[in-house]
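*Asks:* Below you'll find the structure I mean.
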Amino acid sequence: MVFDSMETASRDELREVQDERLQEMVQTAYENVDYYREMFDAEGLTPEDVQSVEDLSKLPFTTKEDFRDYYPTGMFAVDMEDVVRIHASSGTTGKPKIVGYTQDDLDVWSKAVARCLVAAGLGPDDVVQNAYGYGLFTGGLGLHQGVEELGATVIPIGGGNTQRQVEMLADLGSDAISCTPSYALYLAEVAEDMGYDIKDLPLRVVIFGAEPCTEPMRNEIEERLGVTGVDIYGLSEIVGPGVSIECQEQDGLHIWEDYFYPEVVDPNTGEPVEEGEEGELVLTTLSKQALPVLRYRTGDLTRLNYDTCECGRTAVRMDNITGRSDDLIIIRGVNFYPSEVESVVLEFDEVAPHYRIDITREDNLDKLKVTVEVVDDFDGSITDLKGRITKRLSNVLSFTPDELNLVEYGNIARTEVGKVQRVYDHRGQ
Ligand code: DLL
Numbered sequence: 001m002v003f004d005s006m007e008t009a010s011r012d013e014l015r016e017v018q019d020e021r022l023q024e025m026v027q028t029a030y031e032n033v034d035y036y037r038e039m040f041d042a043e044g045l046t047p048e049d050v051q052s053v054e055d056l057s058k059l060p061f062t063t064k065e066d067f068r069d070y071y072p073t074g075m076f077a078v079d080m081e082d083v084v085r086i087h088a089s090s091g092t093t094g095k096p097k098i099v100g101y102t103q104d105d106l107d108v109w110s111k112a113v114a115r116c117l118v119a120a121g122l123g124p125d126d127v128v129q130n131a132y133g134y135g136l137f138t139g140g141l142g143l144h145q146g147v148e149e150l151g152a153t154v155i156p157i158g159g160g161n162t163q164r165q166v167e168m169l170a171d172l173g174s175d176a177i178s179c180t181p182s183y184a185l186y187l188a189e190v191a192e193d194m195g196y197d198i199k200d201l202p203l204r205v206v207i208f209g210a211e212p213c214t215e216p217m218r219n220e221i222e223e224r225l226g227v228t229g230v231d232i233y234g235l236s237e238i239v240g241p242g243v244s245i246e247c248q249e250q251d252g253l254h255i256w257e258d259y260f261y262p263e264v265v266d267p268n269t270g271e272p273v274e275e276g277e278e279g280e281l282v283l284t285t286l287s288k289q290a291l292p293v294l295r296y297r298t299g300d301l302t303r304l305n306y307d308t309c310e311c312g313r314t315a316v317r318m319d320n321i322t323g324r325s326d327d328l329i330i331i332r333g334v335n336f337y338p339s340e341v342e343s344v345v346l347e348f349d350e351v352a353p354h355y356r357i358d359i360t361r362e363d364n365l366d367k368l369k370v371t372v373e374v375v376d377d378f379d380g381s382i383t384d385l386k387g388r389i390t391k392r393l394s395n396v397l398s399f400t401p402d403e404l405n406l407v408e409y410g411n412i413a414r415t416e417v418g419k420v421q422r423v424y425d426h427r428g429q
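Counted from 1, the sequence shown has number 257 at position 257 by full-length UniProt numbering; the numbering is strictly sequential.
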């Protein structure tokens, strides 16, 4: 089942659509956005030099700093009277990135999300409880309009209010819930505390996204909730949720390439990597009117797989994002990603899927502290467990944490609204 025929179009057909849309978009960007006109002029290029997506490599990247420099709406290509909605990125530092949409942009976004829902195994008869936050964050309204586009039923509950969420799931028999992966696990805990066996509810799909989720974390969600967990990806600068999603094969996220053109580059050199190699995802919008974006450096690390998927969709697949280039932790010369800590921690049945990483600097030396919760009914030896986890972390990270703290179940704060924070870097404070 697909939502529309572009999902199974041949690669040649897709390329034709991409090139046609790109030419129009480049022209619009050049004529209406100072930033792009200056960029083209500085490179000695004109819009006619970009005829095909292959020509994109002639252009420099657009970065989050560019968004900041043109804050709030300097990157917009249309007048405010044509903008029907504003959202903003959920950056934790500095000014947010303000993004705008024309009515056509919202229509395209809704279609992209509707495709996602069908890929996740949902249809017009289904009920989706949308637990992403409504407001400037794109998750809430983005998912919402996609459910309506599909003709399914949306419950616009938003983030938080977890007991109410559980009751709604039970009373309305929702087929799916959309939320962050960390919230899905928290929901399971609250449901258990309330005496519900969440696995007995009709809920069958969790559409999780907005933050990284490792395979062990996905398994935990699927087991605890008795569901299929499907990863949805997106970012405000490009559209919001719905840039890509896993189909039921759960083997990579299909990028809707007729709307968003992907490249993967080496994060250090900016050069394209070989097909299938990991690098930083760079995205170009192909149909956005209010905010056309050329070669945006997402900071997200992934790889692309152009093999045909079992599901029949021809759209390229990207790997789940388990890290951003700026998430890289460098401690005493050793590099690793928080997701590597997560994968190790979740290998242990005695440990709950909640952890935090604290980095401090003492006497000019960086120190790493990992805090992990043991499961509710843990009755083993803490010393023995500590020894085993430390050994495994040392092997995988090639680095032994300065401190591994095992705490009782429930001691690490849960995030009810918004994205979970797992890494606390106290250096420079
Ligand atoms: O998080 C959009 C979204 C909402 C996606 C709901 C999925 C579901 P921003 O707040 O602009 O937009 O944050 C975008 O979040 O660059 C990634 O680093 C991260 N991110 C988003 N989806 C995933 C995912 C929304 N599935 C930033 N896996 C992106 C890992 C993700 N990271």
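The beta carbon of each residue, even a glycine, is placed where N, CA and C say it ideally should be.
What does a CB cutoff of less than 8 Å around E278 pick up in its chain, not counting 5 residues either side in sequence?
*Replies:* Taking the sequence shown and counting its residues from 1, the one referred to as residue 278 is at position 278. Here the set comprises V264, L301, T302, R303, D319.
*Asks:* Taking 7 Å as the cut-off, is the beta-carbon of Y132 closer than that to any non-hydrogen atom of the ligand DLL?
*Replies:* Taking the first residue of the sequence shown as 1, we reach residue 132 at position 132. At least one heavy atom of the ligand DLL is nearer than 7 Å to the Cβ of Y132, so yes.
*Asks:* With F399 as the anchor, note down where its alpha helix (DSSP H) starts and where it stops.
*Replies:* The count along the sequence shown starts at 1 and reaches residue 399 at position 399. Unbroken run through F399: none, as it is neither H nor E.
*Asks:* Any heavy atom of the ligand DLL closer than 7 Å to the beta-carbon of I177?
*Replies:* For this step, residue 177 is matched to residue 177 along the sequence shown. Result no, Cβ not under 7 Å from the ligand DLL.
*Asks:* Taking 7 Å as the cut-off, is the CB of C247 close to at least one heavy atom of the ligand DLL?
*Replies:* Taking the first residue of the sequence shown as position 1, residue 247 is located at position 247. No, the beta carbon of C247 sits no closer than 7 Å to any heavy atom of the ligand DLL.
*Asks:* Ignore the nearest five residues each way along the sequence and tell me which others in F67's own chain have a CB closer than 7 Å to its CB.
*Replies:* To locate residue 67, count along the sequence shown from 1; it is residue 67. Excluding sequence neighbours, F67 sits near M75, K97, E237.
*Asks:* With which residues is P272 paired in a DSSP beta bridge?
*Replies:* In the sequence shown, residue 272 corresponds to position 272, counting from 1. In DSSP, P272 forms a bridge with V265.
*Asks:* Can you list, in chain order, the residues of its chain with a C-beta nearer than 7 Å to that of E310? Leave out the 5 residues immediately preceding and following it.
*Replies:* Numbered from its first residue, the sequence shown carries residue 310 at position 310. Once the five neighbours on either side are set aside, the close Cβ partners of E310 are E249.
*Asks:* If R313 and E38 are in contact, beta carbons under 8 Å, what's the gap, nearest whole angstrom?
*Replies:* Your numbering for residue 313 matches position 313 in the sequence shown. Your numbering for residue 38 matches position 38 in the sequence shown. Not quite, the Cβ-Cβ distance comes to about 38 Å (not below 8 Å), so this is no contact.
*Asks:* Can you tell me whether DSSP reads P353 as helix, strand or coil?
*Replies:* Counted from its first residue, the sequence shown places residue 353 at position 353. Reduced to three states, the DSSP call for P353 is strand.
*Asks:* Only counting the same chain, and skipping five residues up and downstream in sequence, which positions put a Cβ closer than 8 Å to that of T390?
*Replies:* Looking up residue 390 in the sequence shown gives position 390. T400, P401, L404, listed in sequence order.
*Asks:* Are at least three pairs of beta-carbons, each pair with one atom in the stretch 180 to 191 and one in the stretch 162 to 172, less than 8 Å apart?
*Replies:* The stretch 162 to 172 and the stretch 180 to 191 touch, with three or more beta-carbon pairs separated by less than 8 Å.
*Asks:* Identify whether S89 lies in helix, strand or coil by the three-state DSSP scheme.
*Replies:* The residue given as residue 89 occupies position 89 in the sequence shown. In this structure, DSSP gives S89 a state outside helix and strand, which the three-state scheme calls coil.
*Asks:* Could you check where the alpha helix (DSSP H) with I221 kicks off and where it finishes?
*Replies:* By 1-based counting over the sequence shown, the position of residue 221 is 221. Unbroken alpha helix (DSSP H) run through I221: 215 to 225.
*Asks:* Within a Cβ cutoff of 7 Å, which residues of the same chain sit near L14, ignoring the five residues on either side of it in sequence?
*Replies:* Your numbering for residue 14 matches position 14 in the sequence shown. Answer for L14: E257, D258, T314, listed in chain order.
*Asks:* Quick one: which unbroken alpha helix (DSSP H) runs of 4-plus residues sit fully inside the stretch 87 to 121? Chain order, please.
*Replies:* 103 to 119
*Asks:* Going along the chain, which residues of its own chain have a beta-carbon closer than 8 Å to the beta-carbon of N335, five neighbours each way excluded?
*Replies:* Within the sequence shown, residue 335 is the residue found at index 335, counting from 1. Taken in chain order, the residues that qualify are L328, I329.
*Asks:* Roughly how many angstroms separate the alpha carbons of residue 471 and I331, rounded to a whole number?
*Replies:* It is not possible to answer for residue 471, since the shown part of the chain is limited to 1 through 429.
*Asks:* Measuring from the CB of E211, is there a heavy atom of the ligand DLL at a distance below 7 Å?
*Replies:* For the purposes of this step, residue 211 is taken as the residue at position 211 of the sequence shown. At least one heavy atom of the ligand DLL is nearer than 7 Å to the Cβ of E211, so yes.
*Asks:* Could you check the C-alpha separation between G159 and P47 for me, to the nearest Å?
*Replies:* Residue 159 sits at position 159 when you count from the first residue of the sequence shown. Residue 47 sits at position 47 when you count from the first residue of the sequence shown. C-alpha separation (whole angstroms): 43 Å.
*Asks:* Would you identify the three-state DSSP class for H144, choosing helix, strand or coil?
*Replies:* Your numbering for residue 144 matches position 144 in the sequence shown. Three-state result, H144: helix.
*Asks:* Note the first and the last residue of the continuous beta strand (DSSP E) segment covering L298.
*Replies:* Start at 1 with the first residue of the sequence shown, and residue 298 comes out as number 298. Strictly speaking, residue 298 in this sequence is Thr, with Leu absent from that position. T298 -> beta strand (DSSP E) spans 296 to 302.
*Asks:* Rank S244, V351, V420 by C-alpha distance to the C-alpha of K386 and give the top, closest one.
*Replies:* The residue you call residue 386 lines up with position 386 of the sequence shown. K386 has its Cα closest to that of V351, out of S244, V351, V420.
*Asks:* Does DSSP put N32 in a helix, a strand or coil?
*Replies:* The count along the sequence shown starts at 1 and reaches residue 32 at position 32. Three-state result, N32: helix.
*Asks:* Can you tell which of L253, L136, S339, G44 has the C-alpha that lies nearest to the C-alpha of S89?
*Replies:* As a first step, residue 89 is located in the sequence shown; it is residue number 89 there, counting from the start. Per the Cα distances, L136.
*Asks:* Does the beta-carbon of P47, which I'm using as the reference point, lie nearer than 7 Å to any heavy atom of the ligand DLL?
*Replies:* As a first step, residue 47 must be located in the sequence shown, where it is residue number 47. No, since every heavy atom of the ligand DLL falls outside the 7 Å radius drawn around the Cβ of P47.
*Asks:* Quick check: the stretch 356 to 374 against the stretch 416 to 426, are at least 3 beta-carbon pairs closer than 8 Å?
*Replies:* yes
*Asks:* So, under 8 Å CB-CB, L281 and T298 are touching, yes? Tell me the CB distance rounded to an integer number of Å.
*Replies:* What you label residue 281 is simply residue 281 of the sequence shown in a count that begins at 1. What you label residue 298 is simply residue 298 of the sequence shown in a count that begins at 1. Right, the Cβ-Cβ distance comes to about 5 Å (below 8 Å), so this counts as a contact.
*Asks:* With a threshold of 7 Å on Cβ separation, who are the neighbours of S182 within its own chain once the five nearest residues in sequence on each side are excluded?
*Replies:* Here residue 182 refers to the residue found at position 182 when the sequence shown is read from its first residue. Excluding sequence neighbours, S182 sits near E211, T415, V420.
*Asks:* Quick check: does the Cβ of R115 come within less than 7 Å of any heavy atom belonging to the ligand DLL?
*Replies:* Residue numbering aside, residue 115 sits at position 115 when the sequence shown is read from its first letter. Flag unset: Cβ of R115 not near the ligand DLL.
*Asks:* By Cβ distance below 8 Å, which residues in the same chain neighbour P156 in space, the five residues on each side in sequence not counted?
*Replies:* Position 156 of the sequence shown, counting from 1, holds the residue named residue 156. Cβ within range, chain order: N130, Y134, G140, H144.
*Asks:* Give every residue of the same chain whose Cβ lies closer than 6 Å to the Cβ of D82, excluding the five residues on either side of it in the sequence, and list them in chain order.
*Replies:* One-based indexing of the sequence shown puts residue 82 at position 82. These residues qualify, in order along the chain: T102.
*Asks:* Which residues in the same chain have their Cβ closer than 6 Å to the Cβ of H354, if we skip the five residues on either side of it in sequence?
*Replies:* Numbered from 1 along the sequence shown, position 354 holds the residue referred to as residue 354. The answer, listed in chain order, is E373, I412.
*Asks:* Check this for me: beta carbons of L291 and A77, under 8 Å apart or not?
*Replies:* As a first step, residue 291 is located in the sequence shown; it is residue number 291 there, counting from the start. As a first step, residue 77 is located in the sequence shown; it is residue number 77 there, counting from the start. The answer is yes: Cβ separation under 8 Å.
*Asks:* For I198, count neighbouring Cβ atoms within 10 angstroms of its own Cβ and tell me buried if that reaches 16, exposed if not.
*Replies:* Residue 198 sits at position 198 when you count from the first residue of the sequence shown. Answer is buried; the Cβ neighbour count reaches 16.
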